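All remarks here apply to the structure that follows.
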Amino acid sequence: MKTDIQIAQEAKLQHIGEVAKQLSISEDDLEFYGKYKAKLSDDLWDKIKDRKDGKLVLVTAINPTPAGEGKTTTTVGLGQALGRMNIKSVIALREPSLGPCFGIKGGAAGGGYAQVVPMEDLNLHFTGDFHAITSANNLLAAMLDNHIHQGNTLSIDPNQIVWKRCVDMNDRVLRNIVVGLGRKADGVVREDHFVISVASEIMAVLCLAKNMEDLKKRLGEIVVAYTYEGKPVKAKELNAVGAMAALLKDALKPNLIQTIENTPAIIHGGPFANIAHGCNSVIATKMALKLADVVVTEAGFGADLGAEKFLDIKCRTAGLKPDAVVLVATLRALKYNGGLLKTELSAENLDALKKGIVNLEKHIENLQKFGVPVIVALNRFVTDTSAEIEFVKNFCIERDCEFSLCEVWEKGGEGGIDLASKLLKTLEEKESNYRPLYGLELSIKEKIETIAKEIYGADKVTYDPAADMAIKKIEELGYGNLPVCMAKNQYSLSDDPKKLGRPSGFSINIREAYVSAGAGFVVAITGTMMTMPGLPKVPAAEGIDVNEEGRIVGLF
């Protein structure tokens, strides 16, 4: 069996200029990064902004398991299937982080015969967007520390600095560090921290900004520290906004590449969904809606994280109205949720399936609360049996969900024709009555508790003293009307990754809370969530190499 990278490297790529023609984009509106990658120019938006929007489709999934779900693979395969049906369509995805590529999770290019290519470029440096975001983040950190060293005219309290440095790598030893050691000229000694770049507020700002003007405004509002009197200090007070914007100028432009079947893919931004808002950029999505009749996007991890944030944060912020949601599941993952070990998932087991399907049930219920039609896509494995498939199909139909058996990993776009057909039928026949889960007029705690109870199924929410104090301060500073971005483990609906299926009778604990004023949301951290992941015992990086022909090998 061929690996993903072997399949991707055997694909016959078209020049990106040819791919762009499918969306009626001329070469004048492309900024080329070699033959197969390009950025979309700033001028393109002015040419298309008055066009009617296409249909917006979100792809999400049940909670991820070691058995695999294939959310990105389904997204890519659906885009390829729409292309085979001569529908003017485009997929709009996030860029992968280097952390998971070298760690344990893998990249974000899809898999099998449903991939975006060149996958090595996408999963590694791509067009340098993440490097620009990392540089802008760390420039702000450097200017903050320099201000303190040079006299501290803003009266910044070194013990109340909240801005963290970042790097796009899993590196646990950087979570808690001490900077400024050495001579007096080396700066003020203080405790500092790193987050992974995809958790940086700069990433969120870039992904939620409408344009350069909005980007600069949001950058300026970033709270970096507090004074000795407890007043917030913003990036604009450090005169850092212009230089950060200069670093982000090209990164703000969406990227265009292609799938294995040469259909267009707009890839831009990459916030994680477990510790950030988990969606590709507003600019990319809005541009895609003007360029295509159907836009297929995705949100990270399960529907309790990525989809909730897409629907409560991104859509509300950007004024988007999704027309349908595709919810991806696999029989293997459902049986895993039903208590089977990973080694036991290949055999038919209807009892485990019946126990584990409650996870799918909860996600269906959650998505229906937003008023958007739901289609369940069962990502097929060769070991799946007819009896198991039929059980899931009937389960979905009983809950007013369209059902489709998806085989895009094995068959590419051909394996997604059924899903594409049912999606088009849903878009034509069913009305989307999208609405956010909660109103912004609620208090921060009311928003947190609405998400915890309505989406996760918690009985109650508890707050550590530090989180309780932080929430009170956030509201006193006038940020109480912002949406909430929950940081929670992706494996369970609860804040305990070991509680699979549809847990009940649990409480969600809020350990920490802070405002991302530039991004425009309040972050609430649950349980033991880390904003800087670590590498596993045997990281994927150990198997990656460059062969004698100069080709990358071992990257999935």
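Quick note: the sequence shown uses the UniProt record's numbering, first residue 1, plus one each step.
Backbone N, C-alpha and C define an ideal beta-carbon position, used for all residues, glycine too.
All values derive from a computational prediction rather than experimental measurement.
Taking Cβ to Cβ, would you say residue 593 is nearer than 7 Å to A235?
Not covered by the structure: residue 593. The range shown for the chain is 1 to 556.
Quick test of your reading: G270 and S97, contact by CB under 8 Å. State the CB separation rounded to the nearest angstrom.
Position 270 of the sequence shown, counted from the start, is the residue given in the question as residue 270. Position 97 of the sequence shown, counted from the start, is the residue given in the question as residue 97. Yes, they are in contact, since the Cβ atoms of G270 and S97 sit about 6 Å apart, within 8 Å.
Select from G501, I455 and R511 the residue whose C-alpha is nearest the C-alpha of G338.
The residue you call residue 338 lines up with position 338 of the sequence shown. Nearest option by C-alpha distance: G501.
Helix, strand or coil, according to DSSP, for T383 in the structure here?
As a first step, residue 383 must be located in the sequence shown, where it is residue number 383. If DSSP states are grouped into helix, strand and coil, T383 belongs with coil.
In the DSSP assignment, what residue or residues form a beta bridge with F521?
Along the sequence shown, read from residue 1 onward, the residue named residue 521 stands at position 521. DSSP lists S516 as partners of F521.
Tell me which same chain residues have a C-beta within less than 7 Å of the C-beta of Q9, skipping the five on either side of it?
On the sequence shown, residue 9 is found 9 positions in, with the first residue counted as 1. Excluding positions up to five away in sequence, the list reads R551.
Assuming the contact rule is C-beta atoms closer than 8 Å, Q258 and Q14 should be a hit. Round their C-beta distance to whole Å, please.
As a working note, residue 258 is residue 258 in the sequence shown. As a working note, residue 14 is residue 14 in the sequence shown. Right, the Cβ-Cβ distance comes to about 6 Å (below 8 Å), so this counts as a contact.
DSSP beta-bridge partners for R165?
Position 165 of the sequence shown, counted from the first residue, corresponds to residue 165. Per DSSP, F194.
So K39 is in the beta strand (DSSP E); what residue range does that whole segment cover?
Locating residue 39 in the sequence shown gives position 39, counting from the first residue. Start and end: A38 to L40.
What does the alpha-carbon distance come out to for the pair D545 and T127?
Mapped onto the sequence shown, residue 545 falls at position 545. Mapped onto the sequence shown, residue 127 falls at position 127. Roughly 21 Å between the two C-alpha positions.
My output table needs one value for Q115: the three-state DSSP class, helix, strand or coil.
For the purposes of this step, residue 115 is taken as the residue at position 115 of the sequence shown. The answer is strand: DSSP assigns Q115 an E or B state.
Which runs of the beta strand (DSSP E) fall wholly inside the segment 317-374 and span at least 3 residues, in chain order?
Fully enclosed beta strand (DSSP E) runs of 3 or longer: 324-329.
Once DSSP output is grouped into helix, strand and coil, what is the label at Y479?
As a working note, residue 479 is residue 479 in the sequence shown. Y479 falls in the coil class under three-state DSSP.
DSSP state of N146, grouped into three classes?
As a position in the sequence shown, residue 146 is number 146, starting the count at 1. Three-state result, N146: helix.
Flag this pair as touching only if the segment 285-294 and the segment 156-173 have three or more C-beta atom pairs under 8 Å; answer yes or no.
The answer is no - the segment 156-173 does not touch the segment 285-294, with fewer than three Cβ pairs under 8 Å.
Looking at M212 and A136, is the spacing between their C-beta atoms short of 7 Å?
Mapped onto the sequence shown, residue 136 falls at position 136. Mapped onto the sequence shown, residue 212 falls at position 212. Not in contact: A136 and M212 (Cβ atoms no closer than 7 Å).
Taking the alpha-carbon positions, what's the residue 558 to V325 distance?
Any question about residue 558 goes unanswered here, given that the chain covers just 1 to 556.
Among all the DSSP beta bridges, which residues are the ones paired with A61?
Along the sequence shown, one-based indexing puts residue 61 at 61. In DSSP, A61 forms a bridge with V328.
Put R172 into one of helix, strand or coil per three-state DSSP.
Position 172 of the sequence shown, counted from the start, is the residue given in the question as residue 172. Three-state result, R172: helix.
Return the first residue and the last residue of the alpha helix (DSSP H) that I16 is part of.
For the purposes of this step, residue 16 is taken as the residue at position 16 of the sequence shown. Taken as a continuous stretch (DSSP letters only), the alpha helix (DSSP H) holding I16 covers I16 to K21.
What is the DSSP secondary structure of V294, counted as helix, strand or coil?
Start at 1 with the first residue of the sequence shown, and residue 294 comes out as number 294. V294 falls in the strand class under three-state DSSP.
Between S507, N170 and E298, which has its C-alpha nearest V90's C-alpha?
Taking the first residue of the sequence shown as 1, we reach residue 90 at position 90. That would be E298, whose Cα lies nearest to the Cα of V90.
Compute the Euclidean distance between the alpha carbons of K393 and A303, then round it to the nearest angstrom.
As a first step, residue 393 is located in the sequence shown; it is residue number 393 there, counting from the start. As a first step, residue 303 is located in the sequence shown; it is residue number 303 there, counting from the start. If I take the Cα positions, the gap works out to 19 Å.
Suppose only complete runs of 4+ residues qualify. What are the alpha helix (DSSP H) ranges in the segment 389-459, listed by chain order?
Whole alpha helix (DSSP H) segments, 4+ residues: 408-411, 417-429 and 444-450.
A86 to G79, Cα distance in whole Å?
Taking the sequence shown and counting its residues from 1, one reaches residue 86 at position 86. Taking the sequence shown and counting its residues from 1, one reaches residue 79 at position 79. Note that residue 86 corresponds to Asn in the displayed sequence, not to Ala. Cα to Cα, N86 sits roughly 11 Å from G79.
Between which two residues does the beta strand (DSSP E) harbouring P232 extend?
Here the question's residue 232 lines up with position 232 in the sequence shown. Here the beta strand (DSSP E) through P232 covers P232 to K234.
Using the C-alpha atoms, what's the distance from R175 back to L44?
Locating residue 44 in the sequence shown gives position 44, where the first residue counts as 1. Locating residue 175 in the sequence shown gives position 175, where the first residue counts as 1. L44 and R175: Cα-Cα distance of roughly 41 Å.
Would M1 be called buried (16 or more neighbouring beta carbons within 10 Å of its own) or exposed?
Counting from one through the sequence shown, the residue named residue 1 turns up at place 1. M1 should be labelled exposed.
Across the segment 456-464 and the segment 414-430, are there enough close Cβ pairs to call them in contact, namely three or more that are closer than 8 Å?
No, the segment 456-464 is not in contact with the segment 414-430.
In angstroms with no decimal places, state the Cα-to-Cα distance between K321 and C315.
Numbered from 1 along the sequence shown, position 321 holds the residue referred to as residue 321. Numbered from 1 along the sequence shown, position 315 holds the residue referred to as residue 315. For K321 and C315, the distance between alpha carbons rounds to 6 Å.
Using DSSP's beta-bridge definition, name the partner residues of M486.
Stepping through the sequence shown from its first residue, residue 486 is reached at position 486. Bridge partners of M486: A524.
If V372 and S432 are in contact, beta carbons under 8 Å, what's the gap, nearest whole angstrom?
Here residue 372 refers to the residue found at position 372 of the sequence shown. Here residue 432 refers to the residue found at position 432 of the sequence shown. Right, the Cβ-Cβ distance comes to about 5 Å (below 8 Å), so this counts as a contact.
For E261, which residues of its own chain have a beta-carbon under 7 Å away from its beta-carbon, when the five flanking residues on both sides are left out?
Sequence index remark: in the sequence shown, residue 261 carries index 261 (1-based). Answer for E261: Q80, G83, G412 and G413, listed in chain order.
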